[in-house]
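For reference, the structure discussed in these notes is given below.
There are 2 protein chains.
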Amino acid sequence: MTVTSVHDPSHREALWELEDAFERGDLVSVFGTCTVSYEGRAASDLGAGDRLLVLKPDGAALVHTDEGRQPVNWQPPGSQHRAAVRDGRLRVVSTRSNPDETLTVRFSDVHQLSAMAVTGGRDLTLHGSEEDLRTRILERPGLVEPGFEPRETERPSNAGPMDVFGVDADGTPVVVELKRRRVGPDAVGQLARYVRALEEELGIEEAADDNGGTGDGDRDPDDAPGVRGILVAPSVTDRAAERLADRGFDHVALDPTPAE
Amino acid sequence: MTVTSVHDPSHREALWELEDAFERGDLVSVFGTCTVSYEGRAASDLGAGDRLLVLKPDGAALVHTDEGRQPVNWQPPGSQHRAAVRDGRLRVVSTRSNPDETLTVRFSDVHQLSAMAVTGGRDLTLHGSEEDLRTRILERPGLVEPGFEPRETERPSNAGPMDVFGVDADGTPVVVELKRRRVGPDAVGQLARYVRALEEELGIEEAADDNGGTGDGDRDPDDAPGVRGILVAPSVTDRAAERLADRGFDHVALDPTPAE
DNA sequence: GTATTGATCTCGTGC
DNA sequence: GCACGAGGTCAATAC
Chain A
1 MTVTSVHDPS HREALWELED AFERGDLVSV FGTCTVSYEG RAASDLGAGD
51 RLLVLKPDGA ALVHTDEGRQ PVNWQPPGSQ HRAAVRDGRL RVVSTRSNPD
101 ETLTVRFSDV HQLSAMAVTG GRDLTLHGSE EDLRTRILER PGLVEPGFEP
151 RETERPSNAG PMDVFGVDAD GTPVVVELKR RRVGPDAVGQ LARYVRALEE
201 ELGIEEAADD NGGTGDGDRD PDDAPGVRGI LVAPSVTDRA AERLADRGFD
251 HVALDPTPAE
Chain B
1 MTVTSVHDPS HREALWELED AFERGDLVSV FGTCTVSYEG RAASDLGAGD
51 RLLVLKPDGA ALVHTDEGRQ PVNWQPPGSQ HRAAVRDGRL RVVSTRSNPD
101 ETLTVRFSDV HQLSAMAVTG GRDLTLHGSE EDLRTRILER PGLVEPGFEP
151 RETERPSNAG PMDVFGVDAD GTPVVVELKR RRVGPDAVGQ LARYVRALEE
201 ELGIEEAADD NGGTGDGDRD PDDAPGVRGI LVAPSVTDRA AERLADRGFD
251 HVALDPTPAE
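Keeping their order, the protein sequence lines are chains A and B. For the first sequence, the tail end lands on 260 under full-length UniProt numbering, and the numbers increase by one without skipping. For the second sequence, the tail end lands on 260 under full-length UniProt numbering, and the numbers increase by one without skipping.
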């Protein structure tokens with residue numbers, strides 16, 4: 001089996017194993033007592049402690065403590081790993097450019113080092129994403145509202161691509177913004193940008209909304225809108241609901257996956 | 001140091017080690033060939049392949065392939081790990097509630113299993129965050145613009161807390177939104193929400209309070225906005241710049257850390 | 001390369 | 001518990 005593993009190695013022994021593992025393109029895990037420092041997009045220091053260092057052949061480096069889903073320190077894929085023994089410590093440095101950043105892990109003790117050749121088997125089939133929600137709607141447009149007709153997905157606009165563009169039963173243009181989970185006010189802002197961009201593009205002028213300054217698309221919900229906005233999400237927060245009402249947008253409660 | 005480590009263990013042997021490690025509250029790493037399935041906020045399946053499984057005493061579980069900073073599958077902290085041998089495979093299941101979700105890892109082969117007791121040493125000192133940017137501005141308000149006077153940070157509003165609230169040289173209220181890096185249109189929307197909320201708030205106060213506020217609260221609707229918005233960030237995208245101009249907001253180029 | 005947005009985002013903080 | 005926003009976010013995609 002292609003796993004090498006050393007228990008309580010000397011620094012020099014650990015160094016050999018690391019260099020071999022880098023050479024082979026192995027996935028490496030190192031248990032040990034170390035300090036960590038990072039400099040790049042920000043800068044950080046982490047005092048001595050026991051941690052797990054994971055080094056990947058694609059250049060990713062992860063320093064994990066006993067808590068949290070997130071590594072306490074890391075280096076993104078595309079970095080270069082190097083190892084050396086300096087000042088009686090095993091030093092692992094991972095660097096990359098653009099942006100320039102460096103992660104340095106200094107081990108006073110290495111307790112356990114393992115390396116394994118790993119290939120393939122990384123394609124995940126995932127269900128329940130925003131894309132699934134879109135598929136669901138395209139297959140059954142009536143879920144949005146009776147008479148809704150999708151015309152285009154990822155339709156380009158000055159404000160970027162809108163999730164779904166279509167028309168309602170009256171033929172009024174509709175912008176649909178999809179979210180796979182409960183949303184806050186930011187999603188309403190996003191929808192508003194698309195609606196506004198489409199209104200400008202279609203040459204639909206809103207009544208009395210061109211004083212520059214703070215005019216930001218407020219409308220009277222009683223007005224017949226030039227372009228409608230519909231937010232499709234399982235639910236919305238109170239503040240988002242307020243903002244939806246302000247803009248005259250609708251919310252449709254829908255999950256990315258059908259109820260089971 | 002208490003590191004246990006087994007190479008090419010039988011499933012039963014691996015099971016013992018796992019259960020002991022769970023008992024002791026160890027940080028665990030497992031190299032092996034496995035399939036992974038997840039069901040909860042979404043659902044996913046991953047075919048057989050060699051991976052690294054990390055199990056943390058706080059309940060976090062991470063499945064890593066040879067690529068990427070992100071685990072291909074995971075379970076958040078607060079989950080419960082369990083292990084068993086079923087159908088000739090070593091099965092590790094991690095579950096949590098609220099939301100209900102389950103990660104199942106089935107090993108056909110375990111190549112290497114290590115466990116280490118880990119405590120403390122997880123407080124990181126980080127520099128270059130948004131908070132550093134705020135500190136910088138509070139110490140030298142002139143960086144925003146000459147005459148700017150910060151009055152409050154995290155000032156509450158109907159739209160949430162604004163990063164910095166203050167007044168400019170003319171006494172006009174100013175909302176400052178801070179970003180540690182280059183920003184897109186979303187940040188302008190965020191700033192706009194705060195400015196709008198503050199305008200409404202001040203409008204209500206003026207209407208409800210006959211004395212008006214301080215003398216410097218006067219403004220000319222045609223000329224100056226009631227509330228100014230300033231986005232402080234290293235830089236902004238074109239679309240964000242457009243949007244800033246639309247709203248009449250200003251951009252101040254500033255890094256979280258002084259140039260070196 | 002930059003820009004934009006989704007994510008099983010995670011994580012902290014405040015209510 | 002929910003809501004809101006930051007993050008060295010990461011990662012995919014379009015340009």
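A virtual CB, placed ideally from N, CA and C, is assigned to each residue, including glycine.
- In the structure shown, Ile204 of chain A falls within a coil segment according to DSSP collapsed to helix, strand and coil.
- In terms of CA proximity to Ser97 of chain A, A:Ser79 leads the group A:Ser79, A:Gln112, A:Gly229, A:Arg89.
- Counting only the Cα atoms, Asp238 of chain B lies some 53 angstroms from Ala83 of chain B.
- Leu53 of chain B and Val118 of chain B do not touch by the CB rule: their CB atoms are close to 16 angstroms apart, not below 8 angstroms.
- Distance from Glu200 of chain B to Asn158 of chain B at the Cβ level is roughly 7 angstroms; contact confirmed, criterion being Cβ atoms closer than 8 angstroms.
- Membership of Glu13 of chain A in the alpha helix (DSSP H) is indicated by the continuous run 11 to 24.
- Here His81 of chain B is not near Ser5 of chain A, since their CB atoms are 8 angstroms or more apart.
- Separation of the CB atoms of Gly121 of chain B and Ala14 of chain A is rounded to 20 angstroms, and the pair is thereby denied contact status at 8 angstroms.
- Judged by pairs of C-beta atoms under 8 angstroms, the stretch 176 to 191 of chain A touches the stretch 127 to 138 of chain A, as three or more such pairs exist.
- When DSSP states are grouped into helix, strand and coil, Leu244 of chain B belongs to the helix group.
- Thr95 of chain B: not part of any alpha helix (DSSP H); member of the beta strand (DSSP E) spanning 89 to 96, first to last residue.
- In the structure shown, the three-state DSSP call for Arg196 of chain B is helix.
- Ala43 of chain B sits in a strand when the DSSP states are folded into three classes.
- Under the criterion of beta carbons closer than 8 angstroms, Leu46 of chain B and Val36 of chain B qualify as touching, at roughly 4 angstroms.
- Against chain A, the beta carbon of Gln112 of chain B has neighbours under 8 angstroms at Val3, Ser5, Ser114, Met116, listed in chain order.
- Residue environment for Asp100 of chain A: exposed (fewer than 16 other C-beta atoms within 10 angstroms of its C-beta).
- According to the DSSP assignment, Asp132 of chain A belongs to no beta strand (DSSP E) but to the alpha helix (DSSP H) extending over 130 to 139.
- For the 8 angstroms CB-CB criterion, Ala187 of chain A and Ala245 of chain A do not form a contact.
- A contact between stretches requires three or more CB pairs, one per stretch, nearer than 8 angstroms, and the stretch 141 to 150 of chain B fails this requirement with the stretch 65 to 72 of chain B.
- A direct Cα-to-Cα measurement between Met162 of chain A and Val175 of chain A gives close to 7 angstroms.
- Closest in alpha carbon position to Phe249 of chain A, among A:Val236, A:Pro256, A:Thr257, A:Pro258, is A:Val236.
- If you draw a straight line from the Cα of Thr172 of chain A to the Cα of Asp58 of chain B, it is about 52 angstroms long.
- Look at the stretch 44 to 67 of chain B: the residues with a C-beta under 8 angstroms from a C-beta of chain A are Ser44, Asp45, Leu46, Gly47, Ala48, Gly49, Asp50, Arg51, Leu52, Val54, Lys56, Pro57, Asp58, Ala60, Leu62, His64, Thr65, Asp66, Glu67.
- Here Ala84 of chain B carries a strand assignment [DSSP, helix/strand/coil].
- For the 8 angstroms CB-CB criterion, Pro150 of chain B and Gly160 of chain B do not form a contact.
- A distance below 8 angstroms separates the beta carbons of Val183 of chain B and Ala240 of chain B.
- For Ala233 of chain A, the uninterrupted beta strand (DSSP E) run begins and ends at 228 to 233, by DSSP.
- In terms of Cα proximity to Val92 of chain B, the closest of B:Glu145, B:Glu152, B:Val164, B:Glu17 is B:Glu17.
- Between Pro156 of chain A and Gln112 of chain A, the alpha-carbon positions lie close to 53 angstroms from each other.
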